[in-house]
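Heads up: the structure comes next, in structure tokens.
Protein chains in written order, with UniProt numbering: chain A, 1 to 470; chain B, 1 to 470.
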């Protein structure tokens, strides 16, 4: 869309007549002219389908993009071409070294007390079962804590089942409470002699989709295969246990681990007009799990931050600082792109004036959280006056900024979180059902508007948001 | 549950004091004592979890039960044992000859313009693809009618895709409009030279589950393989077509057809106290598709009619007529159990005083439809006064009675339909996601109450509901 024509004459006039004078900017440190352009930007973003079109393009032309897979390489090529076509000033990639892992096939069924097929998928990083699969009795645990309380050797020759449930919350906070079952279950069960682990999916749906996700092994502990059951299949397994007879399962997983390989962070910039060396970073992750097409996780984020930057570029004047879009690689398997970015850009981090990531699906933004220095906190109110028309409320000053922003935050980069409604996010997360049809274009436009406005105001602000002492 | 103790003393007294005198019964032809017991039955049914427990038992102890499969044989054995344990007076089975068909594996992906995995499943009765699968360009049709308008030989060497959509309606009426795409698509495409067919799932969800269902071939037309795409995958295929380049798919289906085999209808009776030779038939089908555990289709119906009969048996007095529960075999592959029943019981059909089937999921009943003779229509009002407290409205006099009731209706047996809310039924229908967790026990108790009350009143009525002239 050619957007310049949309700017009202009055607004253009205001821009010309009101230079960025210290007198105007001082009280709130964001000039009124920038506030006016932010309102225009908000309107344009709400009227634009660009973020949706970007997710549509990514999920249709690339689809699944497991780090290190052909789809991942296709995604990097797609992103370079897309960012260049969208008119960013500079587009480049940076290498990220990653372990290679392929899912293979997953089959499971019970053999006692009744035969029932089970829908399972391997957790990321899992080793395979022996050739032809394994058959064993199931030992049932309601939670990781219960498994950890089992005596040494008590699971010899058994499959441990851990059945912790996740609950729907708007902020997705129950994920953090449950996810240790996924990441540590195999190690804890192996310590006690188990030959494999089945977990209830870390997900809030009751659909026959198992949820994958990364797990890790502990040093000095045997590596045993681990798979997730869909929630209805976990229910079935638990019902079978109530017959008071041994529950036996056959499990056949064929994932493969390969030698280390390489993928790439994809980075693009809209160069700042006054302080090009100072960076406002808006990120998302380009990789996805292989089961779905990575629409909600994190095609949505890729669409949002890319479109937000492009909408800023289309304003009548370049932003004062540089807007940098970072499409991180290999988030799903341990934030490897984020770590590589932070290492490669260590010298530059003091010039990162704000960072945030869109990686919580396609639901509307309902809250702004910040992590600013105390003397910069009044700026949050300036952000709020531009975000409130989007139905966004003010949150606290302990924002995390997003998974891939962790290393930057730890290095003192100020961050914000534009908290999205995640009530249904974990219905789809890491499943085959994460597909484009789950995204509401109107909601995605609201998210894009929020990111565009926040990034733009940060680019225009006078002063520094840095937390005290960092 | 021992139910006799629940009957209030007052009610028992009423039963003893008010014999079924013609004076009381004549105006409406259902005695007031029966109306009083129907109210008690309704209350007991709403308080009972029996129907849910029966579905739970069937889906946990048996699960998938494709006609002719080991699961189907296990279901017949389960049903005989369950009905005997529930105290029916007589339980027996009758043979049904069926073709044998197994699903095998299904894999599909596009190879052009972009590689994308597709979630597919074979339609019931489909032949396999050649060994190793087939690869071909896709010809797109929005509907069966559009396919039928294609010229002869215009699909030579191609895969025909038919993308008709189904819409949610409370009565499921859009199913009938769309299902010819599933049943006839292969024959119509083969006539025009196609090598295979892909259809959009006949289902109202947007989940990554393909919906199976039976199809048939036409005589003298080549038999080509046919599979359903999940709705999100159908969307994906249609998006790929919009790039204006040939869309090519690889399709690998390995179903197998075997020689004719046998399964069994399972039948059980509560014998009538006055007219044991007259039959009130309440049915459901015992078989299911193999992808899910057949909870909603039709474990729910099995639970409802079995529990309804048992609740009637537990009243202080046996019903006047015989209540016969028929768990039909092989409904999914062409109503084969229903046809076998009608043939085996041809002589007895004039003594079938009412027939109905529960085969529309686990949603609440919202309407009573009848097919009574004109002189018996006032009886529908007596039914209604006992059903209205369940939130049920009165419908017309052209009830179908249920899929397996067709042959009985055609033979003049009066039928009713207790129409259930099917708004969400076709989200799950014929998918892997048809599992127990989708059933609300409270809704199922309401359905059970409706069937129990209707069957009981039909058993107690004086007179004949038969449509005029039949």
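Glycine included, each C-beta is placed from N, C-alpha and C at the ideal position. Predicted model only: the values in this text are computed from it and were never measured.
Chain C within 7 Å of residue i, Cβ atoms only
i, result
"residue 139/B", "Of the chains in the structure shown, none is chain C; the protein chains are A and B."
CB contact below 7 Å: residue i versus chain A
i, result
"residue 426/B", "no"
"residue 124/B", "no"
"residue 207/B", "yes"
"residue 348/B", "no"
"residue 114/B", "yes"
"residue 423/B", "no"
"residue 435/B", "yes"
"residue 298/B", "no"
Local conformation of residue i per DSSP, three classes
i, result
"residue 228/B", "strand"
"residue 392/B", "coil"
"residue 57/B", "helix"
"residue 78/A", "helix"
"residue 112/B", "strand"
"residue 302/A", "helix"
"residue 310/A", "helix"
"residue 405/B", "helix"
"residue 262/B", "strand"
"residue 122/A", "strand"
"residue 62/A", "coil"
"residue 208/B", "coil"
"residue 296/B", "helix"
Chain B contact for residue i (CB, 7 Å cutoff)
i, result
"residue 232/A", "yes"
"residue 241/A", "no"
"residue 61/A", "yes"
"residue 153/A", "no"
"residue 432/A", "yes"
"residue 72/A", "no"
"residue 475/A", "Outside the shown range of chain A, which is 1 to 470, sits residue 475/A, and nothing can be said about it."
"residue 89/A", "no"
"residue 235/A", "yes"
Own chain partners of residue i with C-beta closer than 6 Å, once the 5 adjacent residues on each side are dropped
i, result
"residue 107/B", "252"
"residue 271/A", "89, 322"
Beta strand (DSSP E) segment containing residue i, residue limits
i, result
"residue 141/B", "134 to 141"
"residue 420/B", "415 to 420"
"residue 353/A", "352 to 357"
"residue 200/B", "196 to 200"
"residue 253/B", "248 to 253"
"residue 283/B", "275 to 285"
"residue 99/B", "90 to 102"
"residue 147/A", "Note, residue 147/A: premise wrong, no beta strand (DSSP E); alpha helix (DSSP H) at 144 to 148."
"residue 327/B", "321 to 328"
"residue 160/A", "159 to 162"
Spatial neighbours of residue i in its chain, beta-carbon cut-off 7 Å, leaving aside the 5 residues before and after
i, result
"residue 211/B", "201, 202, 203, 228, 429, 430, 431"
"residue 92/A", "267"
"residue 421/B", "170, 363, 364, 366"
"residue 407/A", "338, 339, 342"
"residue 351/B", "277, 278, 279"
Distance, residue j Cα to residue i Cα
i, j, result
"residue 377/A", "residue 465/A", "8 Å"
"residue 386/B", "residue 453/B", "7 Å"
"residue 83/B", "residue 324/B", "11 Å"
"residue 50/A", "residue 459/A", "21 Å"
"residue 44/B", "residue 382/B", "20 Å"
"residue 411/B", "residue 89/B", "27 Å"
"residue 405/B", "residue 344/B", "14 Å"
"residue 132/A", "residue 257/B", "27 Å"
"residue 180/B", "residue 296/B", "23 Å"
Range covered by the alpha helix (DSSP H) that runs through residue i
i, result
"residue 446/A", "441 to 460"
"residue 383/B", "378 to 387"
"residue 40/A", "32 to 47"
"residue 178/A", "174 to 191"
"residue 368/B", "Careful: residue 368/B lies outside any alpha helix (DSSP H), inside the beta strand (DSSP E) at 365 to 371."
Cutoff 8 Å; reference residue i; Cβ partners in own chain excluding five residues on either side
i, result
"residue 294/B", "58, 59, 63, 64, 65, 287, 288, 434"
Closer than 6 Å: residue i CB and nearest the ligand FMN heavy atom
i, result
"residue 317/B", "Questions concerning the ligand FMN fall outside what the structure shown contains, since it holds no ligand whatsoever."
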